[in-house]
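Chemist: Quick one: the structure is below, and I'll ask about it shortly.
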Amino acid sequence: MGGIQTIDVRLEPAFAGWRLDRALAAAVPTLSRERLKSLIRSGAVESAGKPVRDPATKVHGEEAFRLSVPEPSPAHNEAQDIPLTIIFEDEHLLVIDKPAGLVVHPGSGNWDGTLLNALLHHAPELAEIPRAGIVHRLDKDTSGLMVVAKQLSAHTSLVRQLQARSVTREYVALALGDIAISGTVDAAIGRHPAHRTKMAIVTSGKPARTHFAVVERFGVATLLRCRLETGRTHQIRVHLASLGHPLVGDPAYGRKGSIPFARQALHAARLALQHPVSGRQRSWESPLPQDLQRLIASLRGESAQ
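Spelled out as structure tokens, the structure:
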């Protein structure tokens, strides 16, 4: 098991009036703001020997805080020799092209054979990184690009970029029906009130915004390019379904008896971010997998008749 790292921090006067979590994130750049919120709420942040449990506490500047930070424990997941398509790799991060059908994290019904198991085999040092370096996810049957952190500092940087919405994630999606114009869906997403394995547009949900652009129209379906501002679970699937245009093949939000396809027609085609060490803007693209290429080709043939 990992130990406890003690970090002593004295805030600068310039932080006066800031929230505690924001001030500590600026003072301890190796810890993300979300992790600091969790530490504060757990009582792991003390001032004058007493826990401060509210991340929104306003600071005066020049206070001293002691942080008790659990060091990451090695992942208790088994390394498994599962092939990975690696688009880019250096000592700080790697970008993979995930195939449809590969689960990202072990969980109920999928305790092994996941992307996490594959990553631990490819780079055993990832056992020391939270979630083996995985900072965002794709649904099991969504294909395409994912970035993985190989060092704690890179993990913190990538999490912060995702929180700041500065990571570009573009998807190719095939939606049912004829969508005439491009647009944006801005609607909060949370757990479905009746079906807990599904998500839904709910007023109590988290903010979610999806931009979609029409690429090609087939009458019975429309090829879209979607860009996420937020990364909520099932976001594109829920947002397009709310317009009456669910993804082709979507088992949870689609319509039965329409265009047959073995999975939701969604592919993470482009990923762009700032390299956590060099600071350079980097971007990667993934071509459409063959199953989606064949589906689109068949729709083109039908619409041309």
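The sequence shown begins at 0 in numbering that gives the first Met the number 0 and counts up by one.
Idealized CB from N, CA, C, for every residue including glycine.
(1) Cβ of PRO245 within 8 Å of Cβ of HIS266?
(2) On the three-state DSSP scale, how would you describe ARG293?
(3) Which residues bound the alpha helix (DSSP H) around ILE24?
(4) I'd like to confirm the pairing. Which residues does DSSP put opposite LEU92 in its beta bridges?
(5) Please report the residue range of the alpha helix (DSSP H) in which ARG236 lies.
(6) If you run the structure through DSSP and keep just helix, strand and coil, what is GLN4?
(7) Rounded to whole angstroms, what is the Cα-Cα separation between THR186 and GLU169?
(8) Between THR202, ASP111, ALA131, which has its C-alpha nearest HIS91's C-alpha?
(9) Compute the distance between the beta-carbons of ARG18 and ILE39, then report whether it is under 8 Å.
(10) Just to confirm before moving on: does the CB-CB distance between LEU137 and LYS97 stay below 8 Å?
(11) So is PRO54 buried or exposed if we call it buried at 16+ other beta carbons inside 10 Å?
(12) What separation, rounded to the nearest whole angstrom, lies between the Cα atoms of ARG9 and ILE3?
(13) Taking the continuous alpha helix (DSSP H) assigned at ALA117, which residues delimit it?
(14) Are the CB atoms of LEU242 and ALA172 within a distance shorter than 8 Å?
(15) Going by CA-CA distance only, name the one from THR56, VAL58, ASN76, GLY48 that's closest to LEU66.
(16) Could you check which residue in GLY112, GLN150, ILE295, TYR252 has the C-alpha nearest to that of PHE217?
(17) Whole angstroms are fine: how far does the CA of THR141 sit from the CA of HIS135?
(18) Please name the residue, chosen from ASP111, THR5, ILE200, ASP89, that lies closest to VAL146 on a Cα-to-Cα basis.
(19) Quick one: what does DSSP say ARG281 is sitting in, helix, strand or coil?
(20) Under the DSSP definition of a beta bridge, which residues are partnered with TYR252?
(21) Grab me the residues of ALA357's own chain with a C-beta within less than 7 Å of its C-beta, minus the 5 sequence neighbours each way, in chain order.
(22) Between the C-alpha atoms of LEU291 and ALA264, what's the straight-line distance to the nearest angstrom?
(23) Which of the three DSSP states, helix, strand or coil, is assigned to ARG299?
(24) On the CB-based measure, 16 or more other CB atoms within 10 Å of its CB, does ASP177 come out buried or exposed?
(25) Per DSSP, what kind of secondary structure is VAL307 in: helix, strand or coil?
(26) Would you mind sorting ASP20 into buried or exposed? The rule is 16 or more other CB atoms within 10 Å of its CB.
(27) Can you tell me the Cα-Cα spacing of PRO69 and SER46, whole angstroms?
(28) What's the call for HIS59, buried or exposed, on a 16-neighbour Cβ count within 10 Å?
(29) Given this structure, state the Cα-to-Cα distance separating PHE14 from GLU228, to the nearest angstrom.
(30) Starting from ARG40, follow the alpha helix (DSSP H) in both directions and report where the run begins and ends.
Modeler: Well, looking at it:
(1) no
(2) helix
(3) One detail in the question is off: residue 24 reads as Ala in this sequence, not Ile. Taken as a continuous stretch (DSSP letters only), the alpha helix (DSSP H) holding ALA24 covers 19-26.
(4) ALA148
(5) 234-241
(6) strand
(7) The amino acid at residue 186 is misidentified as Thr; the sequence shows Ala. Rounded to the nearest angstrom, the two C-alpha atoms are 18 Å apart.
(8) ALA131
(9) no
(10) yes
(11) buried
(12) 20 Å
(13) 114-121
(14) no
(15) GLY48
(16) ILE295
(17) 13 Å
(18) ASP89
(19) strand
(20) TYR252 is not bridged to any residue.
(21) Nothing can be reported for residue 357: it is not among the residues displayed for the chain, which extend from 0 to 304.
(22) 7 Å
(23) helix
(24) exposed
(25) Lying outside 0 to 304, the shown extent of the chain, residue 307 is not represented and no answer is given.
(26) buried
(27) 18 Å
(28) exposed
(29) 29 Å
(30) 32-40
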